[in-house]
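Colleague:
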Amino acid sequence: MLSKRFPILGHALEFAKDRGTLLKRGYAELGNIFSIKLANKAAVILVGPEFATLFFKETDKALDMSKPYQFLKPILGNVAFVASHETYLNQRPVLYEPFQREKMVRYLEIMDETVRRWVATLPDEGRFELVDTMNNLVQEVAGRAIVGDDFMEKAGKDFWANYNVVGKALDPIIPSNWPLPKFIRRDRARKRMAATLQPILDERRAHPDRHQDFLQDFINTPKADGTAASDEELLGLIISLLFAGHETTAGQASWTLIHLLQNPDYLAKVQSELQTHFPHGAHINSRTMASLKQLKWAIDETSRMRPTADIMIRVADEDMEVGGFCIPKGAPVFITAEVSHFLPDVFPEPEKYNPERFSSEQCTHKDHKNAIIGFGGGVHKCPGMNFALNEILTISALLLQAFDLTLETPDPQLRRDLGANRPTETWVSYRRKPVTEAVPEEVMQAAVAAGCPHMAKAMAARALAQVEA
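Taken in order, the sequence shown gives residues 363 to 831; the numbers are from this note's numbering.
1) So residue 491 is in the beta strand (DSSP E); what residue range does that whole segment cover?
2) Can you tell which of 624, 807, 568 has the C-alpha that lies nearest to the C-alpha of residue 820?
3) Which one of 616, 447, 568 has the shortest CA to CA distance from residue 491?
4) In this structure, does DSSP put residue 765 in helix, strand or coil?
5) Do the CB positions of residue 373 and residue 399 come within less than 7 Å of each other?
6) Closest to residue 737 by CA distance: which of 748, 723, 683 is it?
7) Measure from the alpha carbon of residue 731 to the alpha carbon of each residue in 713, 751, 702, then state which is nearest.
8) Measure the C-alpha to C-alpha separation of residue 418 and residue 450 and round it to an integer number of angstroms.
9) Taking the alpha-carbon positions, what's the residue 601 to residue 447 distance?
10) Just mark residue 363 as buried or exposed, buried being the case when its beta carbon has 16 or more other beta carbons within 10 Å.
11) Judging by CA-CA distance, which residue of 436, 714, 660, 596 is the nearest neighbour of residue 527?
12) Rounded to the nearest angstrom, what separates residue 784 and residue 613 at their Cα positions?
13) So, are the CB atoms of residue 544 and residue 531 less than 7 Å apart?
14) In whole angstroms, what separates the C-alpha of residue 727 from that of residue 708?
15) Looking at the structure shown, is residue 822 part of a helix, part of a strand, or coil, going by DSSP?
16) For residue 394 versus residue 406, is the C-beta spacing smaller than 7 Å?
17) Buried or exposed for residue 469, going by 16 or more other Cβ atoms inside 10 Å?
18) Between residue 453 and residue 595, which are expected to be in contact by the criterion C-beta below 8 Å, what is the C-beta distance as a whole number of angstroms?
19) Since I believe residue 682 is in contact with residue 673 (beta carbons under 8 Å), could you give me their beta-carbon distance rounded to a whole number of angstroms?
20) Once DSSP output is grouped into helix, strand and coil, what is the label at residue 427?
21) What first and last residue would you give for the alpha helix (DSSP H) that runs through residue 407?
22) So, residue 671 versus residue 411, is the Cβ gap smaller than 7 Å?
23) Name the DSSP bridge partner or partners of residue 793?
24) Mind listing, in chain order, the continuous beta strand (DSSP E) runs of no fewer than 3 residues lying wholly within the segment 436 to 503?
25) List the whole-angstrom C-beta distance separating residue 753 from residue 610, where the pair is believed to meet the contact cut-off of C-beta under 8 Å.
26) Please go through the same chain and pick out, in chain order, the residues whose beta-carbon is closer than 8 Å to the beta-carbon of residue 721, but skip the five residues on each side of it.
27) Within the same chain, show all residues whose beta-carbon is closer than 8 Å to that of residue 359, passing over the 5 residues directly before and after it, in chain order.
28) Contact between the segment 500 to 517 and the segment 472 to 492: three or more CB pairs below 8 Å?
29) Among the residues of its own chain, which have a CB less than 7 Å from the CB of residue 640, if the five just before and after it don't count?
30) In this structure, how does DSSP classify residue 421 when only helix, strand and coil are distinguished?
31) Report back the beta-carbon spacing between residue 790 and residue 756 to the nearest angstrom; my notes put them in contact at under 8 Å.
32) For residue 514, collect the residues of the same chain with a Cβ closer than 7 Å to its Cβ; drop the 5 residues on either side in sequence, then sort them by chain order.
33) Over what stretch of residues does the beta strand (DSSP E) that includes residue 783 continue unbroken?
34) From the DSSP output, in three-state form, read off residue 648 for me.
35) Pick helix, strand or coil for residue 759, following the three-state DSSP scheme.
36) Taking residue 472 and residue 576 to be in contact with their CB atoms under 8 Å, please state how far apart those CB atoms are, rounded to whole angstroms.
Okay, here's the thing in structure tokens:
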């Protein structure tokens, strides 16, 4: 048991205030397996790749995933990891269908178009608050990809408003069936979301080949037992993916840009790579993404240093012997990315920002299975991981392609939200880069055809210069 615990509450106050510091102190004092007291429960903390592998292997066996997340059930419904293991396995074909590799081409187009349209609306210079900006941008991408343009146009505003009400009721402490105002608002907003969704579901079932998005895949794909997902299951899956694909990605996109702007030497490498492989007007596709290695490593390093899911929880369904200790039945069991991602024997100089540790020349952590655990692992590893990483790369590439950015808030701090960890308020100023002569005429024409006013201005200036010459 970790030291410095209070009577009755144990370590609960310190855990609620700054669990990262608490868990790092536990590792420093006691090593890679220790216990903390959270009120009337002794929770076991496991640190490092070896224990993470055990944690994922025993999930749905000796370790139960659904029990610690029951506070999400009134929000998500009986779907995914909140449901029983049997229910999850039955729903799994539906949940994973939209993430098939061949479908990513369509989602890359949505990401590219959405972010490019936003970039085109910005003045030539100005400033924005990064976290809220990323939140709104990722929300639009998630909405268009998950429920489709037609839904966003017909009901998107009301649906998002109710979604935000539901999200504000997230509370892992207070029993979710208490008649509190926030829970009453949650239940009413969820009913309004279901009512908004119903005519869309009816139309989609009547025309199963008309749309290409997550919602249509959910409707068209049978569960493992051959039955179709119910309306309630569809609503739960949509809310869970909006939550996962929006809350977490916005935070990671913000931290990626912050880290790059805090490290100008590495940013220069990324900018050089963009000039070579992603010049003005070019569009994001799988080939482009494969060529932006420096930027991808930067995203991976941010995922290591600022994992969105800094802890994961299971409950022991039976007594377990782990590392020479007994974990008793009913005990909460945690793994912590915030500590595990900074182990010096896995990540040399772990406090140093070094994206090139993910290059083939420096990638020593590959020798350790489950060294990186921010997206989970095992059967429950986040199915949308590649979607999220592609979205962050698209946002970062298009912003850095178009603008010179300056971090006005020099040292943003970690804000631990209930849904996802994010930076505190962060302001960024920007100045649009000039379109160089190296940009091909056909690239400029394509950008103008897509509605980019800045490329149209550059094209007109080039034409005038040619006339004057």
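Each residue gets a CB set at the ideal place from its N, CA and C atoms; glycine is no exception.
No experiment lies behind these values; they were computed from the predicted model shown.
Modeller: Quick answer:
1) Per DSSP, residue 491 belongs to the beta strand (DSSP E) from 487 to 491.
2) In this structure, 807 is the residue among 624, 807, 568 with its C-alpha nearest to the C-alpha of residue 820.
3) Nearest neighbour of residue 491 by Cα position, chosen from 616, 447, 568, turns out to be 616.
4) Residue state, collapsed to three classes: strand.
5) At the C-beta level, residue 373 and residue 399 come within 7 Å of one another.
6) Ranking 748, 723, 683 by Cα distance to residue 737 puts 748 first.
7) Nearest C-alpha to residue 731: 702.
8) Approximately 16 Å between the Cα atoms of the pair.
9) In a straight line, the C-alpha of residue 601 is about 20 Å away from that of residue 447.
10) So residue 363 ends up on the exposed side.
11) Taking only the C-alpha atoms, the option nearest residue 527 is 436.
12) Residue 784 and residue 613 have their alpha carbons spaced roughly 5 Å apart.
13) For residue 544 and residue 531, yes; Cβs fall inside 7 Å.
14) The straight-line gap separating the alpha-carbon atoms of residue 727 and residue 708 is approximately 5 Å.
15) Three-state DSSP puts residue 822 in a helix.
16) Not in contact: residue 394 and residue 406 (Cβ atoms no closer than 7 Å).
17) Counting Cβ neighbours within 10 Å, residue 469 comes out buried, since at least 16 surround it.
18) Residue 453 to residue 595, Cβ: 7 Å. Contact.
19) Residue 673 to residue 682, Cβ: 19 Å. No contact.
20) Residue 427 falls in the coil class under three-state DSSP.
21) Unbroken run through residue 407 is the beta strand (DSSP E), 403 to 408; no alpha helix (DSSP H).
22) Going by C-beta atoms, residue 671 is not nearer than 7 Å to residue 411.
23) Beta-bridge pairing links residue 793 to 487, 766.
24) Runs of the beta strand (DSSP E) inside the segment 436 to 503: 487 to 491.
25) About 11 Å separates the two Cβ atoms, so there is no contact after all.
26) In chain order, 655, 659 place their CB closer than 8 Å to the CB of residue 721, counting only its own chain and leaving out the 5 sequence neighbours on each side.
27) Any question about residue 359 goes unanswered here, given that the chain covers just 363 to 831.
28) Yes: the two stretches touch, three or more of their Cβ pairs being nearer than 8 Å.
29) Taken in chain order, the residues that qualify are 650, 654, 759, 763.
30) Reduced to three states, the DSSP call for residue 421 is strand.
31) By a beta-carbon distance limit of 8 Å, residue 790 does not contact residue 756. Their separation comes to about 17 Å.
32) 505, 506.
33) Element bounds for residue 783: 783 to 785.
34) Looking at residue 648 - three-state DSSP - the assignment turns out to be helix.
35) Three-state result, residue 759: helix.
36) Residue 576 and residue 472 do not touch by the CB rule: their CB atoms are close to 11 Å apart, not below 8 Å.
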